[in-house]
Amino acid sequence: MLNPVPHKIYQTQASVAKFTLERARYWAPSVAGWGVFAGLTVMLLVSDVPLVRKDIMSKIPHFGKFWAVEESE
Numbered sequence: 001m002l003n004p005v006p007h008k009i010y011q012t013q014a015s016v017a018k019f020t021l022e023r024a025r026y027w028a029p030s031v032a033g034w035g036v037f038a039g040l041t042v043m044l045l046v047s048d049v050p051l052v053r054k055d056i057m058s059k060i061p062h063f064g065k066f067w068a069v070e071e072s073e
């Protein structure tokens, strides 16, 4: 006699230290937000360093004029 209820087939999820892709999708927006916040905070704190101001901050499109450094000859 055939069993009328089909058997369920379970598949395992790939994981690294019990961290699966499903959990990564859940945490990704939060991690991205905190990363942007941390990056902007670091840039704000080091914006007074002359080398950072000249090489990084002054080359940001539309906002670089605020940190423009006059070149001495």
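Sequential numbering of the sequence shown, starting at 1, is according to this note's numbering.
We treat Cβ as the ideally placed atom computed from N, Cα and C, and that holds for glycine.
Boundaries of the alpha helix (DSSP H) harbouring residue 29: 21-45, taken from the DSSP string. With 16 or more other CB atoms across the displayed protein chains lying within 10 angstroms of its CB, residue 57 is buried. Residue 16 sits in a strand when the DSSP states are folded into three classes.
Counting only the Cα atoms, residue 47 lies some 14 Å from residue 38.
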